[in-house]
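Protein chains in written order, with this note's numbering: chain P, 1 to 136; chain U, 137 to 425; chain S, 426 to 557.
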């Protein structure tokens, strides 16, 4: 898999979350994603960017267009140096809550993406990557 | 500079034109039919480009085609396989592009060397070309899979029609299994229809759905939820006795959804909810229009 | 400061969200709306999200909060105009938006509110549950 383009955004304010969304939307349109797939990856990015801001103490989002053989995709990686997630399995299950804890962020982002990776340790920050391939 | 491994490169460099001509002729013969002028030109262009990129890549002695030095060759072959797959070639025809190069190439390598070195070099070259041949086959398969997947998608869209039963009432007769790909198409078609017709109710008939397991139930519930977000209520009809049992045993929660055994019952409920009533006209003439 | 405009339509208020929401804007909206509901004795609130190409859990929470606050002030909320791709994504995301009635557009949204209010509070809740 190779990265064709890459942009990094700092996430410090809620306006930055908007910027990340707009950047992801732009790339998704460029790659020719259909509207539903665009919406899914933009929404997943928004969830994770929010998490980075609200729980990670701020961080970075890297938006990359990638290619693997004949298919193109969009990958976004979120990194923070925040407190980390003590129980990832639990965090992925958590959902439908109204604001306490990660709420829908992680699980939702996973459901909306084709590929999902997470690394996190208490005290060591968190790295989450989501990827969606261009559909047919 | 070690001579081993260089024989291939040297041979490609020394007699590219002659090699090219012979190779193209072999490919034309192998295709078993007369090619049009345009096809001939395309074959010539493809073969020329391949030899050039191959020559570049073999400058470094190495046969690991996954290395960056080989990326130009890989890209070219991927492109070639993809276009041939789309044009309807067979995987064998496409791989023959590579394999037919062996004969003219080895003949020339023999001319440029001899003895033990030659045997080793030919062995390495054949392994290299085999790998490249397999690579084209893989790329070919991927493209074919994409073509099939796209055709499946088109089939899906054709097989999930949304019907306007009445003012404000839509019907969605589902036939066949409901997997996640189909559900996406179903949801899209249904929601677009709701927007276009401004319907308040959608009857989803599952008479034609053979089995309802947890996943299918989830897909149905997702579809119902999506319709509701667009302001339309759903009624699920066509619940056969078997399905009713399965749903209860699975513990699927259909409390929020109205369900009916038949499409007719569902239609009656839909009419009532949207404020319509059907009355029988006395002394109706059955044969009247 | 940017504010989202709130239109008075009879006894209803109409809010049209057209921009990318961020925190401060959401809080300002909630403030403004609650004040306007009281000021005009509004019985219903329509939130038009037809311009939103994305609804995430933040916006979902904001809509929930608005609906709950309005409820406390004896006004009912209906969210209208959700785009199909947003609806499909929300369902996949798992955001139930329970308790917030939705309608196709402003016109249907008003019908929904009137149905509820027209029966003077007795009868069906716009979200389908029976009123006590």
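A virtual CB, placed ideally from N, CA and C, is assigned to each residue, including glycine.
Between the CA atoms of residue j and residue i - distance to the nearest angstrom
i             : j             : result
residue 336/U : residue 135/P : 31 Å
residue 98/P  : residue 523/S : Residue placement at residue 98/P cannot be trusted, given a pLDDT of 38 that sits under 50; what the coordinates show is reported in the next sentence. Their backbone Cα atoms lie some 12 Å apart in a straight line.
residue 504/S : residue 471/S : 6 Å
residue 96/P  : residue 520/S : No answer about residue 96/P holds up, because its pLDDT of 43 lies below 50 and its placement is not dependable.
residue 362/U : residue 356/U : 10 Å
residue 479/S : residue 37/P  : 11 Å
residue 235/U : residue 67/P  : 28 Å
residue 390/U : residue 435/S : 38 Å
residue 256/U : residue 280/U : 36 Å
residue 278/U : residue 164/U : 26 Å
residue 207/U : residue 2/P   : 11 Å
residue 300/U : residue 484/S : 33 Å
residue 284/U : residue 380/U : 35 Å
residue 494/S : residue 221/U : 60 Å
residue 441/S : residue 212/U : 52 Å
residue 175/U : residue 209/U : 22 Å
residue 53/P  : residue 489/S : 21 Å
CB of residue i within 9 Å of CB of residue j, strictly
i             : j             : result
residue 108/P : residue 56/P  : no
residue 439/S : residue 531/S : yes
residue 296/U : residue 322/U : yes
residue 369/U : residue 338/U : yes
residue 123/P : residue 214/U : no
residue 41/P  : residue 130/P : yes
residue 113/P : residue 85/P  : no
residue 372/U : residue 350/U : no
residue 509/S : residue 327/U : yes
residue 63/P  : residue 75/P  : yes
residue 481/S : residue 47/P  : yes
residue 525/S : residue 476/S : no
residue 365/U : residue 527/S : yes
Residue nearest to residue i in terms of C-alpha spacing, selected from the options
i             : options                       : result
residue 145/U : 177/U, 207/U and 245/U        : 245/U
residue 59/P  : 16/P, 40/P, 69/P and 1/P      : 16/P
residue 45/P  : 70/P, 33/P, 69/P and 77/P     : 77/P
residue 153/U : 173/U, 170/U and 183/U        : 183/U
residue 286/U : 405/U, 317/U and 377/U        : 317/U
residue 5/P   : 13/P, 84/P, 28/P and 43/P     : 28/P
residue 7/P   : 50/P, 86/P, 26/P and 1/P      : 26/P
residue 110/P : 510/S, 535/S, 508/S and 518/S : 518/S
residue 237/U : 410/U, 148/U, 216/U and 372/U : 148/U
residue 543/S : 489/S, 491/S, 501/S and 481/S : 501/S
residue 251/U : 143/U, 150/U and 217/U        : 143/U
residue 61/P  : 33/P, 79/P and 117/P          : 79/P
residue 275/U : 230/U, 288/U and 249/U        : 230/U
residue 348/U : 358/U, 375/U and 365/U        : 375/U
residue 385/U : 403/U, 353/U, 151/U and 158/U : 353/U
residue 158/U : 292/U, 179/U, 174/U and 175/U : 179/U
residue 31/P  : 65/P, 117/P and 82/P          : 65/P
Assigned exposure category for residue i - 16 Cβ within 10 Å defines buried
i             : result
residue 270/U : exposed
residue 155/U : buried
residue 241/U : buried
residue 259/U : exposed
residue 468/S : buried
residue 378/U : exposed
residue 320/U : buried
residue 535/S : buried
residue 464/S : exposed
residue 263/U : exposed
residue 239/U : exposed
residue 181/U : exposed
residue 304/U : buried
residue 202/U : exposed
Flag this pair as touching only if the stretch 299 to 314 of chain U and the stretch 330 to 346 of chain U have three or more C-beta atom pairs under 8 Å; answer yes or no.
Contact between the stretch 299 to 314 of chain U and the stretch 330 to 346 of chain U is present, with at least three C-beta pairs closer than 8 Å.
Determine contact between the stretch 445 to 453 of chain S and the stretch 17 to 33 of chain P, defined as no fewer than three beta-carbon pairs at a distance below 8 Å.
The stretch 445 to 453 of chain S vs the stretch 17 to 33 of chain P: in contact.
Whether or not the stretch 222 to 229 of chain U and the stretch 184 to 201 of chain U are in contact is what I'm after, with contact meaning three or more pairs of Cβ atoms, one per stretch, closer than 8 Å; do they touch?
With a cut-off of 8 Å, the stretch 222 to 229 of chain U and the stretch 184 to 201 of chain U do not count as touching, because too few Cβ pairs lie within range.
Using 8 Å as the Cβ pair cut-off and three pairs as the minimum, do the stretch 84 to 93 of chain P and the stretch 105 to 121 of chain P touch?
Short answer: they touch.
Do three or more CB pairs link the stretch 452 to 469 of chain S to the stretch 426 to 439 of chain S at distances below 8 Å?
A contact exists between the stretch 452 to 469 of chain S and the stretch 426 to 439 of chain S.
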